[in-house]
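Novice: Below are the structure tokens for one structure; questions will follow.
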Amino acid sequence: MVVHAHVDSSDVRVGGPRFGLVVSKAVGDSVTRHRVSRRLRHIAAELLAELDPDLLIVVRANPASAAASHDDLVRDMRSGLSSAVPRAREERS
1 MVVHAHVDSS DVRVGGPRFG LVVSKAVGDS VTRHRVSRRL RHIAAELLAE LDPDLLIVVR
61 ANPASAAASH DDLVRDMRSG LSSAVPRARE ERS
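Here is the structure:
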């Protein structure tokens with residue numbers, strides 16, 4: 001998976017952090033894409049408390065996400081966040 005982060009600098013925040021998911025047809029058929037989306041949403045919900053509220057996160061699933069275990073997806077998302085969030089903070093400075 002690929003993780004992108006952006007620091008929301010707007011004055012009005014509805015709450016956060018916010019996640020967006022991109023699961024393209026390359027991942028699989030409709031049933032597979034929805035299963036991957038549900039799994040990623042579940043993982044994102046687990047990670048919400050660990051992230052700052054001013055973050056906007058986009059997660060793009062790769063085709064390998066369809067066959068990945070839960071632990072692999074969690075590890076990949078944490079890894080992606082650990083590199084994307086500091087980069088977004090640097091760009092904001």
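Here the sequence shown stands for residues 1 to 93, where the numbers follow full-length UniProt numbering.
For every residue, glycine included, the Cβ atom is placed at its ideal position computed from N, Cα and C.
Quick check: the Cα distance between ILE43 and LEU73, rounded to an integer number of angstroms?
Specialist: Working through the sequence shown from its first residue, we reach residue 43 at position 43. Working through the sequence shown from its first residue, we reach residue 73 at position 73. When rounded, the distance between both Cα atoms is 8 Å.
Novice: Quick one, which of SER82, LEU48 and THR32 has its alpha-carbon nearest PRO63's?
Specialist: Within the sequence shown, numbered from 1, the residue matching residue 63 stands at position 63. The option with the nearest alpha carbon to PRO63 is THR32.
Novice: Can you tell me whether DSSP reads VAL59 as helix, strand or coil?
Specialist: Residue numbering aside, residue 59 sits at position 59 when the sequence shown is read from its first letter. Residue state, collapsed to three classes: strand.
Novice: Taking LEU45 as the reference, which of SER83, MET1, SER9 and GLY16 has the closest Cα?
Specialist: On the sequence shown, residue 45 is found 45 positions in, with the first residue counted as 1. It should be pointed out that residue 45 corresponds to Ala in this sequence rather than to Leu. With distances taken between Cα atoms, ALA45 lies closest to GLY16.
Novice: Whole angstroms is fine: what's the gap from GLU90's alpha carbon to VAL22's?
Specialist: Start at 1 with the first residue of the sequence shown, and residue 90 comes out as number 90. Start at 1 with the first residue of the sequence shown, and residue 22 comes out as number 22. Going from the Cα of GLU90 to the Cα of VAL22 covers about 24 Å.
Novice: Does DSSP put VAL85 in a helix, in a strand, or in coil?
Specialist: Along the sequence shown, one-based indexing puts residue 85 at 85. Helix, per DSSP.
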